[in-house]
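Trainee: The opening position of the sequence shown corresponds to residue 963 in the numbering used here, with each subsequent residue numbered one higher.
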Amino acid sequence: MAGAGAGGGRIGWDELPGHVRQAVERIVGDRVVEAVSQPGGYSPGTADRVRTADGRRAFVKAVSPAQNPDSPRMHRAEARHTAALPPSAPTPRLLGCYDDGEWVALVLSDVDGRHPYTPWRDADLGPVLRALAALADTLTPNPVPDTPTAAERLAHDFAGWQRIAADPPPGLDPWVAAHLAELCAAANRGLAGLTGDTLCHLDVRADNLLIGPDGAVTVVDWPWACRGPAWLDTALLLVNVRLHGGHDTEALLRRLPLTADVDPAALTGFYAGLAGFFTDSARHPPPAGIPTVRAFQQAQADALLPWLRHRLTHPATA
């Protein structure tokens, strides 16, 4: 889900087994002569823009359980979701997938673009927000069969406050400790409010967005796709905006078309569920191959909690 990964050591094209590289070359249609590892994103597997001898380009993601035991499953999910996305969606196209039971390699269309600058600038934020609104319209009704609902996808994550209440970590914020019952109830309301028939990305952050030279926005990395409310991805983006600073996220929430008319209690509950997930997850050891995930989750919890406290304390202004 959102914020599930954070940077770690990433392998490169040359570290892939020969049979995996050959399979990718068969999908692309020629021999790869250049591979440039891409910054950003948080998979411990490869993330290379490749160029072939005849000038073709593609983006290659490959991983095995040796890098992280959960990453191959996520790559398989991303392949299924990406293959089913409509051509009108501003997403990369899946050119092919290789899966030998151990290594999973996705070959995607290469997107010429950069990540939005952080702290977020108006010149990037406006186009991204408009792109997310257009994406929600394009992906309603949900065009990908058999995707889980957002509530199914987030049920365990949104129980984070319950786990904290059962086993409080040392140094827990005093306000949080005094309001755990309220936070649990809010997260439950948030989970119940995740209804809808829009295909949602569920991991919208600056590193999963590309802005092209023409200003067009592409939304990449779709392993967590689910069916939920049209406002979900926009509300998620505001977590990233708040994390990096520079904008009044409360004001944005009130004026953006996708969130302005949403029940404030549902939005508060959504952010309560996320904050519980980040706070609970941050106290655990990092998963294999992703050493900085916990610091990233703690940073998101630290960014969300003051906003959540304000919304719970002053619901009339939320």
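Cβ coordinates follow ideal geometry from the N, Cα and C atoms, glycine included.
Source: prediction; values computed, not measured.
If the criterion is Cβ atoms closer than 7 Å, does the pair P1185 and A1039 meet it?
Mentor: Result yes, Cβ atoms of P1185 and A1039 sit closer than 7 Å.
Trainee: Is it buried or exposed for D1169, if we count other Cβ within 10 angstroms and need 16 for buried?
Mentor: It counts as buried.
Trainee: Starting from E996, trace the beta strand (DSSP E) in both directions and tell me its first and last residue.
Mentor: Start and end: 994-999.
Trainee: Applying the criterion that 16 or more other CB atoms from any shown protein chain within 10 Å of the CB defines a buried residue, is T1275 buried or exposed?
Mentor: By the neighbour-count rule (16 or more Cβ atoms within 10 Å), T1275 is not buried but exposed.
Trainee: Are A1015 and D1032 touching if we call contact CB-CB under 7 Å?
Mentor: Against a cut-off of 7 Å, the Cβ pair of D1032 and A1015 comes out as no contact.
Trainee: Touching or not, the region 1182-1198 and the region 1099-1117, by the rule of three or more beta carbon pairs under 8 Å?
Mentor: Yes, the region 1182-1198 is in contact with the region 1099-1117.
Trainee: Straight-line CA distance for P1226 to A1263?
Mentor: One C-alpha to the other measures close to 20 Å.
Trainee: Tell me, to the nearest whole angstrom, how far the beta carbon of L1094 is from that of V986; I am working on the premise that it is less than 8 Å.
Mentor: Contact flag wrong, Cβ pair sits at about 31 Å.
Trainee: Measuring straight from C-alpha to C-alpha, what distance separates S1050 and V1138?
Mentor: Cα to Cα, S1050 sits roughly 44 Å from V1138.
Trainee: Work out the CA separation of L1236 and R1125 for me, nearest whole Å.
Mentor: If I take the Cα positions, the gap works out to 14 Å.
Trainee: Residues in its own chain within less than 6 Å of T1053 by CB, not counting five upstream and five downstream?
Mentor: For T1053, where only same-chain residues beyond five positions count, the Cβ hits under 6 Å are L1047, V1181.
Trainee: Tell me where the beta strand (DSSP E) around D1061 begins and ends.
Mentor: Taken as a continuous stretch (DSSP letters only), the beta strand (DSSP E) holding D1061 covers 1056-1061.
Trainee: For R1271, I'd like the list of residues in its chain whose CB is within less than 7 Å of its CB, leaving aside the five on either flank, ordered along the chain.
Mentor: Only W1137 meet the Cβ criterion.
Trainee: Out of L1205, P1175, H1037, which one is the CA nearest neighbour of W1065?
Mentor: Minimum Cα distance to W1065 is reached at H1037.
Trainee: V1181 lies in the beta strand (DSSP E); which residues open and close that run?
Mentor: Where V1181 is concerned, the enclosing beta strand (DSSP E) stretches over 1179-1181.
Trainee: In the DSSP assignment, what are the bridge partners of F1120?
Mentor: Answer is none; F1120 lacks a bridge partner.
Trainee: Using beta-carbon positions only, say whether Y1233 and L1266 come within less than 7 Å of one another.
Mentor: Yes.
Trainee: Is the region 1112-1123 in contact with the region 1149-1161, if contact means three or more CB pairs nearer than 8 Å?
Mentor: Yes, the region 1112-1123 is in contact with the region 1149-1161.
Trainee: List the endpoints of the continuous beta strand (DSSP E) containing I989.
Mentor: Not the beta strand (DSSP E): I989 falls in the alpha helix (DSSP H), residues 980-990.
Trainee: Buried or exposed for H1141, going by 16 or more other Cβ atoms inside 10 Å?
Mentor: Classification of H1141: buried, given that the 10 Å Cβ count is 16 or more.
Trainee: Could you tell me whether the region 1072-1084 touches the region 1208-1219, using the rule of 3 or more Cβ pairs below 8 Å?
Mentor: Enough Cβ pairs lie closer than 8 Å, so yes.
Trainee: Grouping DSSP H, G and I as helix and E and B as strand, with all else coil, what is I1126?
Mentor: Note: I1126 maps to helix in three-state DSSP.
Trainee: Between the alpha carbons of G1133 and P1268, how many angstroms are there, rounded?
Mentor: Their Cα atoms are separated by approximately 17 Å.
Trainee: Helix, strand or coil: how does DSSP classify V1166 here?
Mentor: If DSSP states are grouped into helix, strand and coil, V1166 belongs with coil.
Trainee: Where does V1201 land, buried or exposed, given buried means 16+ other C-beta within 10 angstroms?
Mentor: With 16 or more Cβ atoms within 10 Å of its Cβ, V1201 is classed as buried.
Trainee: Mind listing, in chain order, the continuous alpha helix (DSSP H) runs of no fewer than 4 residues lying wholly within the region 1200-1255?
Mentor: Counting whole runs of 4 or more residues, the region 1200-1255 contains the alpha helix (DSSP H) stretches 1211-1217, 1219-1222, 1226-1244.
Trainee: Would G980 be called buried (16 or more neighbouring beta carbons within 10 Å of its own) or exposed?
Mentor: Exposed: under 16 other Cβ atoms inside 10 Å.
Trainee: Would you mind giving the Cβ-Cβ distance between S1005 and V1025, rounded to the nearest angstrom? I have them listed as a contact below 8 Å.
Mentor: Right, the Cβ-Cβ distance comes to about 6 Å (below 8 Å), so this counts as a contact.
Trainee: According to DSSP, is R1042 part of a helix, a strand, or is it coil?
Mentor: Three-state DSSP puts R1042 in a helix.
Trainee: From the DSSP output, in three-state form, read off T1008 for me.
Mentor: T1008 falls in the strand class under three-state DSSP.
Trainee: Return the chain-ordered list of same chain residues with a C-beta closer than 7 Å to the C-beta of G967, the five sequence neighbours on each side being excluded.
Mentor: Caution is warranted here: a pLDDT of 41 is assigned to G967, below 50, making its placement in the model unreliable, and the coordinate value is therefore given only provisionally. Y1004, S1005, I1252, V1255.
Trainee: Which residue wins for smallest C-alpha separation from R972, given the options V994, G1007, L1057, R983?
Mentor: Here the closest residue by C-alpha is G1007.
Trainee: Mapping the DSSP letters down to three states, classify A1051 as helix, strand or coil.
Mentor: Three-state result, A1051: coil.
Trainee: T1157 by DSSP, collapsed to three states: which one?
Mentor: If DSSP states are grouped into helix, strand and coil, T1157 belongs with coil.
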